[in-house]
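Some notes on the structure that comes next.
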Amino acid sequence: MGAQLWALCVPSCVCGNTQSVTIHQSTSATGVIFMSEFWNKAFNLNGRCAVITGGAAGIGLACARLLVERGARVALLDRDLAVVDVAASLGSGNIGITVDLRRVDQVNSTIDTVFQHFKRIDYLVNSAGVAVLDKAVDVSEEAWDTTLDINLKASFFVAQACARHMLTQGSGRIVNLASQAAVIGLDRHVAYCASKAAVVGMTKVLAMEWAPHINVNAISPTIVETALGKKAWAGEVGERAKSQIPAGRFAQPEEIAGLALYLLSDAASMITGENVVIDGGYSIQ
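Residue numbers (my numbering): 805 to 1089.
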């Protein structure tokens, strides 16, 4: 009797299971793909193309670096003119486009340009975001509109534009960056909390409407040490917030990128409509 080995049985396996991928025990390597091969294939993004908003810095840039490392080509969208040079720094074949994501006409034309360049769009990471902090009684109409336009409106219309191509090609993955602020209340964050809660709701509807061809999920991080996060949570307020997180620290952009990679990969093909919280244990309290 050979050693007992855990293996993944794929539709072509000699066991005859043609319906789905299953996990079973095997005494032989015949007809099975062992875990290491499965994971290598699932996270191999060669030939895939990704759109990443807010790609010039922070979480968006961390996602871009990781996807490129796994073989994907990326189109970085950002209002920052530096996005062109940032994309070039990731290697040939990647592009950066300056765009005002609040303008639906610019969004549609930009996504069409990306599609014409890559001939396909496999992934979207909606990472562009803004936080204008103020007490609720003092929030201006301009601050409210800016927050909702960038965090919610832009996320939807970029997803819509990408989904039109994904549905035509029959597949796609979308990850929307929401926030821990989507599920808890934060002082001075009324517009931000409202926008991120709406992103989670939007994610669920898009996942429902675009299944089975497109998987749509959200990631809700705690405070992330990006330029935006450091500015909003500097000093005593940040130390107080950090003390309430069981992990005792804020998240790093690369940790969010790792989760995004998983949700975009074939390993997560049965996950859709979820809001995955990554908060160092804050929400277990």
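In this text, a Cβ means the ideal position worked out from N, Cα and C, and glycines have one as well.
Quick caveat, the model's predicted, so the values are computed rather than measured.
By the Cβ test, the region 1012-1026 is in contact with the region 975-986, since at least three Cβ pairs between them sit closer than 8 Å.
By the CB criterion at 8 Å, phenylalanine 847 and serine 1069 fall inside the cutoff. With a cutoff of 8 Å on beta-carbon distance, leucine 881 and isoleucine 901 are scored as near each other. Proline 1057 counts as buried, since at least 16 other C-beta atoms from the protein chains shown sit within 10 angstroms of its C-beta. Closest in C-alpha terms to methionine 1012, from the list Thr1076, Ser931 and Cys867, comes Thr1076.
In this structure, the CA atom of glycine 1062 is about 8 Å from the CA atom of cysteine 867.
Taking all protein chains in view, the Cβ of histidine 969 is crowded by 16 or more other Cβ atoms within 10 Å, so the residue is classified as buried. The beta carbon of valine 994 lies closer than 7 Å to those of Ala940 and Val943 in the same chain, with the five residues before and after it left out. Between lysine 1008 and alanine 1051, the alpha-carbon positions lie close to 29 Å from each other. Considering only Gly875, Ala861 and Val908, the residue with the shortest C-alpha distance to leucine 885 is Ala861.
The beta carbon of glutamine 910 lies closer than 8 Å to those of Val903 and Asp904 in the same chain, with the five residues before and after it left out. Contact between histidine 1017 and leucine 971 holds, since their C-beta atoms are separated by about 6 Å, short of 8 Å. Around glutamine 973, the same chain offers Arg924 as residues with beta carbons nearer than 7 Å, after the five sequence neighbours per side are excluded. With 16 or more neighbouring CB atoms inside 10 Å of its own CB, isoleucine 978 falls in the buried class.
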